[in-house]
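Just so we're aligned: 185 in the UniProt record's numbering is position 185 of the sequence shown, and the numbers increase by one with no gaps anywhere.
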Amino acid sequence: MNLNDLLHYLRLGGVTLALLLGASVVALGVAVERIIALWGVSERSRNLGEIVQKHLLRGDVAAARTAAERSDAVAADIFLAGFDRWERSRSTGGNGIESAVERERAQVGLKLRRNLWLLATIGSTTPFVGLFGTVAGIMRSFKDLGVDVEAGGTGGSAAVMTGISEALVATAVGILVAVQAMVFYNYFQARLSRVLVELRLLGDEFVEILKERTAGGPPPEATPSREGTTPPAPRPDPQPAS
């Protein structure tokens, strides 16, 4: 198919093909934007998690928070939510840190899934848009056939078949655009599932270490047991003077 044939089909397809091509461009744009947004998300989050855990294991909460504030990883928002909640609830032993981290993780998940609904919508609707264009094209072909017969033409089937074949292009394009969108959508869904599992694991480890290392100060010193100790020797009675 050369450029002239493509332009010919575009003219025949009209609004339907224009909508399908526009949907294809939108799907491609969303895919490129999400690839850029998700590039290195897991690696940056893991690196930040290691740094924060290292500081927390040393008991340096301030350094751990500073590392999170300076990072652009998505896990930084999760850690900062945990630090904020811990600072507000230190007197109660850090209650509510888990729920604060989980809420922020859900917010991060929403941000990572941004615009994916467009891919799902394009993948589910473009086949029907293409089918609509095909039906409209077939109706137009039979209408042209009727006009030709009324005008005294032969009304041959060749013209009808040509019109139907041209109308079927809309269905083919609709299916192609749908396949493109669903491939992108399933890819991002699988990738985001892995990323969110990693963020959940990082958040759980962070909460455990934060609560362990900041809970109530050092443990009390152990008192020596009295079991097994030698009783003190009795004092000798004083001897009477002779």
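Even glycine gets a Cβ: it sits at the ideal position worked out from N, Cα and C.
> Which class does D60 belong to by DSSP, given the choice of helix, strand or coil?
Replying inline: Counted from its first residue, the sequence shown places residue 60 at position 60. DSSP places D60 in coil when its eight states are reduced to three.
> Quick one: Cα of E205 to Cα of G82, how far?
Replying inline: Position 205 of the sequence shown, counted from the first residue, corresponds to residue 205. Position 82 of the sequence shown, counted from the first residue, corresponds to residue 82. If I take the Cα positions, the gap works out to 12 Å.
> Helix, strand or coil for R114 per DSSP?
Replying inline: Within the sequence shown, residue 114 is the residue found at index 114, counting from 1. Here R114 sits in coil by DSSP.
>> For the pair the region 134-144 and the region 102-116, tell me if three or more CB-CB distances fall below 8 Å.
In response: no
> Assuming I175 contacts G130 under a Cβ cut-off of 8 Å, what Cβ separation, rounded to an integer in Å, is found between them?
Replying inline: For this step, residue 175 is matched to residue 175 along the sequence shown. For this step, residue 130 is matched to residue 130 along the sequence shown. Correct: roughly 6 Å between the Cβ atoms.
> What do you reckon, are the CB atoms on G203 and V101 nearer than 8 Å?
Replying inline: As a working note, residue 203 is residue 203 in the sequence shown. As a working note, residue 101 is residue 101 in the sequence shown. Going by C-beta atoms, G203 is nearer than 8 Å to V101.
> Are there three or more Cβ pairs, one per stretch, closer than 8 Å when the region 170-188 is compared with the region 18-35?
Replying inline: Yes, the region 170-188 touches the region 18-35.
>> Is it buried or exposed, R114, if we count other Cβ atoms within 10 angstroms and call 16 or more buried?
In response: On the sequence shown, position 114 is the one that residue 114 refers to. So R114 counts as exposed.
> Alpha carbon to alpha carbon, what distance is there between A18 and L168?
Replying inline: On the sequence shown, position 168 is the one that residue 168 refers to. On the sequence shown, position 18 is the one that residue 18 refers to. For L168 and A18, the distance between alpha carbons rounds to 15 Å.
>> Which runs of the alpha helix (DSSP H) at least 4 residues long sit entirely within the region 16-73? Give them in chain order.
In response: 41-57 and 61-70
>> So, with DSSP's three-state summary, where would you put S89?
In response: In the sequence shown, residue 89 corresponds to position 89, counting from 1. Note: S89 maps to coil in three-state DSSP.
> Would you report the Cα separation of R194 and R200, rounded to the nearest angstrom?
Replying inline: Position 194 of the sequence shown, counted from the start, is the residue given in the question as residue 194. Position 200 of the sequence shown, counted from the start, is the residue given in the question as residue 200. Rounded to whole angstroms, R194 to R200 spans 10 Å at the Cα level.
> Tell me which same chain residues have a C-beta within less than 7 Å of the C-beta of P219, skipping the five on either side of it?
Replying inline: Here residue 219 is taken as the residue at index 219 of the sequence shown, counted from 1. Reliability of the predicted coordinates at P219 is poor, the pLDDT of 40 falling under 50, and the value obtained from them is presented with this limitation in mind. Sequence-distant Cβ neighbours of P219 in its own chain, meaning closer than 7 Å and more than five residues away, do not exist here.
> Contact check, L80 vs R213 under 8 Å by CB: the rounded distance?
Replying inline: Position 80 of the sequence shown, counted from the start, is the residue given in the question as residue 80. Position 213 of the sequence shown, counted from the start, is the residue given in the question as residue 213. 17 Å between Cβ atoms; not a contact.
> So what does DSSP say about N186, is it helix, strand or coil?
Replying inline: Reading the sequence shown from its first residue, position 186 is the one you call residue 186. Looking at N186 - three-state DSSP - the assignment turns out to be helix.
> How long is the line joining the alpha carbons of T16 and G123, rounded to whole angstroms?
Replying inline: In the sequence shown, residue 16 corresponds to position 16, counting from 1. In the sequence shown, residue 123 corresponds to position 123, counting from 1. Computed Cα separation, rounded: 16 Å.
> Which of the three DSSP states, helix, strand or coil, is assigned to G96?
Replying inline: Taking the sequence shown and counting its residues from 1, the one referred to as residue 96 is at position 96. In this structure, G96 counts as coil in the three-state DSSP scheme.
>> So the candidates are S24, T125, A68 and R88; which of them puts its Cα closest to the Cα of E50?
In response: Stepping through the sequence shown from its first residue, residue 50 is reached at position 50. Out of S24, T125, A68 and R88, A68 has the C-alpha closest to the C-alpha of E50.
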